[in-house]
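Only one structure is covered here, and it is reproduced in the block below.
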Amino acid sequence: MQKSSGLVQFTLEAGAYSFPTLASWFTSASQTVNDFGALPVAYVTLAPSKAFSVEIGKLPTLIGAEDGFTFQNLNIERGLLWDVEPIVSRGVQANYSMGPLSASLSWNDGYYSNRYNTVSGDLTWTIDGSNSLEFYASGNLGKAGGSTTNTYGAGNIADGADDSTIYGLIYTYNHGPLTIEPYLQYMRTPAQLGIGLDHGFSNYGGAVLASYSFTPTFSLTGRVEYLGVSGHPGLGQESYASGITDLPEDSHAWSVTLTPTYQAGDFFLRGELSYVTASCPTGLGFSGATGQGTTQLRGLIETGFLF
Numbered sequence: 007m008q009k010s011s012g013l014v015q016f017t018l019e020a021g022a023y024s025f026p027t028l029a030s031w032f033t034s035a036s037q038t039v040n041d042f043g044a045l046p047v048a049y050v051t052l053a054p055s056k057a058f059s060v061e062i063g064k065l066p067t068l069i070g071a072e073d074g075f076t077f078q079n080l081n082i083e084r085g086l087l088w089d090v091e092p093i094v095s096r097g098v099q100a101n102y103s104m105g106p107l108s109a110s111l112s113w114n115d116g117y118y119s120n121r122y123n124t125v126s127g128d129l130t131w132t133i134d135g136s137n138s139l140e141f142y143a144s145g146n147l148g149k150a151g152g153s154t155t156n157t158y159g160a161g162n163i164a165d166g167a168d169d170s171t172i173y174g175l176i177y178t179y180n181h182g183p184l185t186i187e188p189y190l191q192y193m194r195t196p197a198q199l200g201i202g203l204d205h206g207f208s209n210y211g212g213a214v215l216a217s218y219s220f221t222p223t224f225s226l227t228g229r230v231e232y233l234g235v236s237g238h239p240g241l242g243q244e245s246y247a248s249g250i251t252d253l254p255e256d257s258h259a260w261s262v263t264l265t266p267t268y269q270a271g272d273f274f275l276r277g278e279l280s281y282v283t284a285s286c287p288t289g290l291g292f293s294g295a296t297g298q299g300t301t302q303l304r305g306l307i308e309t310g311f312l313f
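All residue numbers for the sequence shown refer to this note's numbering, where the first residue is 7 and numbers rise by one.
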């Protein structure tokens with residue numbers, strides 16, 4: 007539900023949801039709804055002009071090229087890079103646009119930590135009608151300290167992510183039936199003795215998302231990604247690295263996803279085939295019954311109505 011005109015506007019998104027993600031276990035909607043509640047996105051917008059607005063409430067993140075919910079994305083599953091990004095944060099956000107430039111700046115609680123010490127921002131340059139360039143960043147002004155009351159993942163893992171700094175750069179080309187969106191991302195998680203993380207580590211990677219509409223009703227979308235996770239086995243980083251990235255420390259993963267889509271009016275139907283492979287330290291992995299597998303092959307179907 008949305009009111010997008012006038013001085014006072016609002017956006018509400020309600021319902022059950024899940025976040026199917028590459029290299030991650032499936033979690034049912036009955037469990038995932040505890041992350042952000044049955045009203046995961048809810049904010050009020052004050053828009054005194056077309057160029058300037060302020061948003062307050064439960065806000066979708068400014069970070070990354072993919073959004074939180076399946077229907078908002080080119081693919082059903084979210085990617086390896088998305089997996090390390092925040093989804094929803096509580097806070098306030100200011101937006102301003104001038105000519106080809108638009109910017110957003112937010113003060114929020116990061117990974118839904120209920121601790122308001124994260125600043126995130128986004129700057130977009132619309133080069134022309136087909137090309138744009140976007141830079142985003144987020145960082146913590148304090149320390150989570152190991153006492154987060156966060157239901158979004160394990161508390162200490164949320165603290166580890168909340169104290170991290172993340173940067174990204176997105177280029178988008180959109181012309182006629184073709185969309186191509188490559189992006190790069192880097193995230194640094196510092197050592198945090200208070201939660202038992204004695205050594206910091208990084209994750210870094212790149213992705214290319216693409217979509218081509220063959221007819222008004224049929225399109226094919228795809229995604230190719232690489233994600234690397236630094237660190238060394240035995241330094242106590244494994245649980246934090248896998249908690250944030252779903253991959254152990256000192257690992258490197260590649261993914262390929264294809265999603266053919268049919269849409270007629272409000273109705274849509276799409277299938278998906280995805281494959282992930284990773285090189286990991288001996289005895290560690292991300293898939294299978296033991297969690298030590300290093301490949302993942304999935305097929306999914308999604309259908310519904312957009313309105």
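Using N, Cα and C, we set each Cβ at its ideal position, and we do this for glycine too.
Next item on the list: Taking 8 Å as the threshold, find out whether the segment 279-290 comes into contact with the segment 194-211 through three or more Cβ pairs.
Entry: Too few Cβ pairs lie closer than 8 Å, so no.
Next item on the list: Would you mind giving the Cβ-Cβ distance between Thr195 and Arg229, rounded to the nearest angstrom? I have them listed as a contact below 8 Å.
Entry: Taking the first residue of the sequence shown as position 1, residue 195 is located at position 189. Taking the first residue of the sequence shown as position 1, residue 229 is located at position 223. The pair is not a contact, with the Cβ atoms about 24 Å apart (cut-off 8 Å).
Next item on the list: Please classify Leu65: is it buried, with 16 or more other beta-carbons within 10 angstroms of its beta-carbon, or exposed?
Entry: The residue labelled residue 65 in the question sits at position 59 within the sequence shown. Classification for Leu65: buried.
Note to self: Is it buried or exposed, Phe32, if we count other Cβ atoms within 10 angstroms and call 16 or more buried?
What the structure shows: Numbered from 1 along the sequence shown, position 26 holds the residue referred to as residue 32. Phe32 sits exposed, since fewer than 16 C-beta atoms from the chains shown fall within 10 Å of its C-beta.
Checklist line | Candidates Leu86, Val94 and Gly70, of which the one nearest Asn40 by Cα | finding: Within the sequence shown, numbered from 1, the residue matching residue 40 stands at position 34. Nearest to Asn40 by alpha-carbon distance, out of Leu86, Val94 and Gly70, is Val94.
Item checked: Buried versus exposed call for Asp89 [16 or more other C-beta atoms within 10 Å across all chains shown] -> Here the question's residue 89 lines up with position 83 in the sequence shown. It counts as buried.
Checklist line | Nearest-angstrom Cα separation, counted from Val235 out to Phe16 | finding: Your numbering for residue 16 matches position 10 in the sequence shown. Your numbering for residue 235 matches position 229 in the sequence shown. Whole-angstrom Cα-Cα distance: 39 Å.
Note to self: Tell me whether the segment 293-307 and the segment 22-29 touch, counting them as touching only if at least three CB pairs, one residue from each stretch, are closer than 8 Å.
What the structure shows: Enough Cβ pairs lie closer than 8 Å, so yes.
Note to self: Less than 7 Å separating the Cβ of Ala35 from some heavy atom of the ligand HEM?
What the structure shows: Of ligands this structure carries none, so the ligand HEM is not represented either.
Next item on the list: Can you say whether Asp115 is buried or exposed, counting buried as having 16 or more other CB atoms within 10 angstroms of its CB?
Entry: The sequence position of residue 115 within the sequence shown is 109, counting from 1. By the 10 Å Cβ count, Asp115 comes out buried.
Note to self: On the DSSP letters alone, give me the boundaries of the alpha helix (DSSP H) that Asp256 sits inside.
What the structure shows: Numbered from its first residue, the sequence shown carries residue 256 at position 250. Counting along the chain, Asp256 falls outside any alpha helix (DSSP H), and DSSP gives it neither H nor E.
Checklist line | Per-residue burial, Pro92 [other beta carbons within 10 Å of its own, 16 or more giving buried] | finding: As a first step, residue 92 must be located in the sequence shown, where it is residue number 86. Buried, because 16 or more other Cβ atoms sit within 10 Å of the Cβ of Pro92.
Item checked: Coil, strand or helix - Ile186 by DSSP -> Here residue 186 refers to the residue found at position 180 when the sequence shown is read from its first residue. The three-state reading of DSSP puts Ile186 in strand, counting E and B together.
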